[in-house]
Each structure stands twice: as C-alpha cells, then as structure tokens.
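**Student:**
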Amino acid sequence: MGRIAVVGGIVLNPETGTSDRSDLVLDDGVLVDERPDGSEQHLDATDCYVCPGFIDLHTHVFNHPEYGAGRVAADRIGVDQGVAVVVDAGSSGAVTIDAFPEVVLNTQKTRVFAFINIGSPGLPDLGGGHASRPELCDLDGVVKAFERHGDWLVGVKVLASQSHTGSFGLTAVKLARKAAELVGRPLMLHVGNAPPLIDDVLDLLRAGDIVTHTYHGKVGGVLGYRDRVIPAFVEAVQRGVIVDLGHGRSSFSFRVCELALEQGMPLHTISSDLHRGNVDRYAVSLSRTMTKLRMLGLSLADVVEKVTLAPARAIGIDTQGFGTVTPGRCRALTIFRERQAAMELEDAEGVVRKAEQIVEPVGVVLDGRFHPLAAPV
Ligand SMILES: [Zn+2]
0 MGRIAVVGGI VLNPETGTSD RSDLVLDDGV LVDERPDGSE QHLDATDCYV
50 CPGFIDLHTH VFNHPEYGAG RVAADRIGVD QGVAVVVDAG SSGAVTIDAF
100 PEVVLNTQKT RVFAFINIGS PGLPDLGGGH ASRPELCDLD GVVKAFERHG
150 DWLVGVKVLA SQSHTGSFGL TAVKLARKAA ELVGRPLMLH VGNAPPLIDD
200 VLDLLRAGDI VTHTYHGKVG GVLGYRDRVI PAFVEAVQRG VIVDLGHGRS
250 SFSFRVCELA LEQGMPLHTI SSDLHRGNVD RYAVSLSRTM TKLRMLGLSL
300 ADVVEKVTLA PARAIGIDTQ GFGTVTPGRC RALTIFRERQ AAMELEDAEG
350 VVRKAEQIVE PVGVVLDGRF HPLAAPV
C-alpha cells in the first residue's frame, strides 16, 4: 500500500473536539504518528478540512440484478462522493443476504456494512411490498445470518410504516427487537405513515437502538398537537435511543427538524437513505445532507461528528479504525472544503431553502488509497 501524506489541511478531531492545522501520514493504510519524509504519495489539503472518513449510516446499495431494483452501487454514493463507509439499511433479508458479499462487498472499493431486514426478502422493491408482513419475518433466519456474516452485519432493520407494515400491527417490530437482542446488536427502526402509531413503536426501542427518518414531514410523526414533540419521542431519547436523519425521497422536513431541535431534541447521526430514487434529486449525497444541517444552524464540527464518530460508535466500527483520527487506529480520512456559494436546497417535502456555504468533498483515503471525488454532490 505504501505511504500517503495529507499535507496542509485543518484536521477536525471529533473525539477531542479540536481542530488544528497539521500534516497526516498513513503507512500501510493506517495513520501513523510521523512527519512526512518525502517518500509518500503527496495529497495537498491546503484550504481543506481533513476528518475521519465520512460514514453514511442509512443507504441502499444491495445492487443485485434480481433483487436490487432501486438500489445504487456503493461506490457511486461512497468513495465517488467522498464517503468512506456506507451502511445498507435492510435491503436484504434472510433469503437474500448470502448474495451480499458477491454482489457488494467483493465488487466495491467503499467499505460496506449492513443491517439485515427482519422481512426475509429484504426490500425486493423499494416502492413497498409489505416486507414487514408477519409471515415473512424470519427470526431464526436473521440470527443464523449473524453466525455466517457477523463481521459485516451490524444490526437488524424493521420498517414500521403503512407502506411496509400495512395493518399488520407491531409483530414485525417486536420480532426485529427480539432478533437484535439475540445477536446483541442495535435495531434500526424506520418510521413513516401510520399505522403503526409512532408512539407504540418508539416505546419498544432500547438504549442504542436507532430511529431513522425521525424528522419526516408526514402527519403523525415526532411532532404532535401544536407542533410539540410527543412524549414517546422524548422518553425514547432519554432512554438512549439514537436519532438518525435518513433523508430519503420523502423522509426529511426542514420544518419538523428545526422545530424538534428548537425544543431541545437531538440529532445524533446524519444519513442520506440514498437509493436510485433520490440520488439525482432530494437527497443527492451525504455531503448535500450535511450542507442542509449547516443551513439549519449546526456547527461544522457538529455536522462532521454526526457523520464520523457518532455513526461509528452506533454500529461498533469505531474499534475498526473508523470515526477517529487517532494514530495507530485511523484507517479512513475524508478531505473536504466548505465553499462560500449560494445553493438551493430541497428537503423531501419539496421545500426549498438557500444555503450560502456548501460542504464539498475532495476525496477519501481508504485502505491505503486515495479516491478523488468522481460523482456530483
Ligand atoms: Zn431506507
């Protein structure tokens, strides 16, 4: 792999909250506590920030010819857009998961992890299909999948919204929670249109579980009467549930997010929910989603922490060299700029607001290689 030096950038460290201009050297893929000696591949990061490799906690990259309608290739929204790690959020289930290494892990340069869907087909069609029907939920199949694929499976996914659960109630959510308990990993819960009621599904979540699409703009979300945050959401947050964004095609509202943040609610992780249906419009990229949160008033350090250290800890990959810039551990870096420029930003409700500065990746260092930006962001 050789040596790579990233020179002249401002290093943002989400573990310490510090930012310092310094040169970084990676040897054999790992950050080392050494100065550049001229033998390295030289990457000029002047006028740039350098931080742990971006992690997108919610994507759909199971790009299978038979089961993969609606997915994108991991590299298209990963290293090509300045993102080191993408996490597939339940595109495959017990029936389809064995194809994941051949189709995704062995073909993509981006590092990929996955949540397995409690519904055995996964998401055969992202347009719906009731993947969370009780008879399709496969507790046994999910637990056994972790025995075969526990090194890259990071949790269990369940979709609890009308388009996926229909009128089948909470059975899928309860089975998914049980599966997560049996394998000792987090549950990722998708919320959307009722039924089921968001209050009921949030009550089932435990510390470390992740709720995604949290700030969607549909009726019956985390805002209740007169836009006050509902008690079930406050209690879930107090129990230690992780709040994820999951922008998607119809799952992020500037207004809902803003009102929830104003009432002291958190946003722990920023993710895109990118798939074929929102990569050209709406979500577009993880960095575009970061730009939207900057526009809503979050600091740069805060936004970076929510795409690096926070998602790494949420799925336990902080021990594998992600989410950190500590020498001896760090294996991935993203180099990016924040450029002053006007941009129109559209949320998943079609509401447009204006940004005056844009988060713009330059590239990713991952597994001892530099991957320059290669797709629109
Ligand atoms: Zn999704």
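Under numbering that gives the first Met the number 0, residue 376 is the last one in the sequence shown; the count climbs by one each step, no gaps.
We put the beta carbon where it would ideally sit given N, CA and C, even for glycine.
Being a predicted model, the structure only gives us computed values, none of them experimental.
Can you name, in chain order, every residue of its own chain whose Cβ lies under 6 Å from the Cβ of R338, other than the five neighbours on each side?
**Tutor:** These residues qualify, in order along the chain: I357 and E359.
**Student:** Taking the straight line between their C-alpha atoms, what separation do you get for R70 and L122?
**Tutor:** R70 and L122: Cα-Cα distance of roughly 10 Å.
**Student:** In this structure, what does DSSP give as the bridge partners for C136?
**Tutor:** Answer by DSSP bridge pairing, in chain order: G118.
**Student:** Is the Cβ-Cβ distance between V94 and P120 less than 8 Å?
**Tutor:** Yes.
**Student:** Note the first and the last residue of the continuous beta strand (DSSP E) segment covering E337.
**Tutor:** Here the beta strand (DSSP E) through E337 covers A331 to E345.
**Student:** Just verifying my parser: in three-state terms, what is the DSSP assignment at G126?
**Tutor:** Unreliable positioning characterises G126 in this predicted model, as indicated by a pLDDT of 49, which lies under 50. The coordinate reading is nonetheless provided below. The answer is coil: DSSP assigns G126 none of H, G, I, E or B.
**Student:** Let me confirm a value: N277 is counted as buried when at least 16 other C-beta atoms fall within 10 Å, else exposed. Which label applies?
**Tutor:** N277 should be labelled buried.
**Student:** On the three-state DSSP scale, how would you describe K305?
**Tutor:** The answer is coil: DSSP assigns K305 none of H, G, I, E or B.
**Student:** Do the stretch 339-347 and the stretch 278-292 touch if we need at least three Cβ pairs shorter than 8 Å?
**Tutor:** Segments in contact, yes.
**Student:** Can you tell me where the beta strand (DSSP E) with T58 in it begins and where it stops?
**Tutor:** Taken as a continuous stretch (DSSP letters only), the beta strand (DSSP E) holding T58 covers F53 to T58.
**Student:** Beta-carbon distances below 5 Å to any heavy atom of ligand 3 define the shell here; list its residues in chain order, please.
**Tutor:** Looking at this structure, you won't find ligand 3 anywhere; what it does contain is ligand 1.
**Student:** Along the alpha helix (DSSP H) that carries I357, what are the first and last residues, could you check?
**Tutor:** Element bounds for I357: not the alpha helix (DSSP H) but the beta strand (DSSP E), V351 to L365.
**Student:** Do you know how far the Cα of F61 is from the Cα of I107?
**Tutor:** Note on identity: in this sequence residue 107 is Gln, with Ile being the wrong assignment. The straight-line gap from Cα to Cα measures roughly 11 Å.
**Student:** What first and last residue would you give for the alpha helix (DSSP H) that runs through S460?
**Tutor:** Since the first residue shown for the chain is 0 and the last is 376, residue 460 is missing from the structure and cannot be characterised.
**Student:** According to DSSP, is C47 part of a helix, a strand, or is it coil?
**Tutor:** Reduced to three states, the DSSP call for C47 is coil.
**Student:** Q237: buried (16+ other C-beta within 10 angstroms of its C-beta) or exposed?
**Tutor:** Exposed.
**Student:** Assign S298 to one of two classes, buried (16 or more other C-beta atoms within 10 Å of its C-beta) or exposed (fewer than that).
**Tutor:** Looking at its Cβ environment, which holds fewer than 16 other Cβ atoms inside 10 Å, S298 is exposed.
**Student:** Out of G315, F369 and N12, point me to the one whose CA is closest to D150's CA.
**Tutor:** Per the Cα distances, G315.
**Student:** For L56 and L285, I'd like the C-alpha separation in whole angstroms.
**Tutor:** Rounded to whole angstroms, L56 to L285 spans 10 Å at the Cα level.
**Student:** If you run the structure through DSSP and keep just helix, strand and coil, what is I9?
**Tutor:** It is a strand residue.
**Student:** Could you check where the alpha helix (DSSP H) with I316 kicks off and where it finishes?
**Tutor:** Looking at the DSSP string, I316 is not in any alpha helix (DSSP H), and its letter there is neither H nor E.
**Student:** Tell me whether L188 sits in a helix, a strand or coil according to DSSP, three-state version.
**Tutor:** L188 falls in the strand class under three-state DSSP.
**Student:** Excluding the 5 residues preceding and the 5 following A175 in the sequence, name in chain order all residues of the same chain whose CB lies nearer than 6 Å to its CB.
**Tutor:** Answer for A175: I117, V155, V157 and L186, listed in chain order.
**Student:** Can you tell me where the alpha helix (DSSP H) with D74 in it begins and where it stops?
**Tutor:** Taken as a continuous stretch (DSSP letters only), the alpha helix (DSSP H) holding D74 covers A73 to I76.
**Student:** With H, G and I counted as helix, E and B as strand and the rest as coil, what does DSSP make of A193?
**Tutor:** In the structure shown, A193 sits in coil (DSSP, three-state: anything other than H, G, I, E or B).
**Student:** Just to confirm before moving on: does the CB-CB distance between D87 and A374 stay below 8 Å?
**Tutor:** No, Cβ-Cβ distance for D87 and A374 is not below 8 Å.
**Student:** G52 to E257, Cα distance in whole Å?
**Tutor:** So the alpha carbons of these two residues sit roughly 27 Å apart.
**Student:** Is R205 helix, strand or coil when you go by DSSP?
**Tutor:** Three-state DSSP puts R205 in coil, outside helix and strand.
**Student:** Should V303 go down as buried or exposed, given a rule of 16 or more other Cβ atoms within 10 Å for buried?
**Tutor:** Answer is buried; the Cβ neighbour count reaches 16.
**Student:** Give me, in chain order, the residues of the same chain whose beta-carbon lies closer than 6 Å to that of G454; leave out the 5 immediate sequence neighbours on both sides.
**Tutor:** Because the chain here runs from 0 to 376, residue 454 falls outside it and cannot be looked at.
**Student:** Using 10 angstroms around the beta-carbon of M289, count the other beta-carbons present and answer buried if the total reaches 16, otherwise exposed.
**Tutor:** Buried, since its Cβ has 16 or more Cβ neighbours within 10 Å.
**Student:** So what's T17 in DSSP terms, helix, strand or just coil?
**Tutor:** Reduced to three states, the DSSP call for T17 is strand.
**Student:** Using DSSP bridges, identify the partner residues of R2.
**Tutor:** Per DSSP, D26.
**Student:** Candidates A235, D202 and S160: which alpha carbon is nearest S250's?
**Tutor:** Per the Cα distances, S160.
**Student:** Out of curiosity, what's the CA-to-CA distance linking V200 and V218?
**Tutor:** V200 and V218: Cα-Cα distance of roughly 16 Å.
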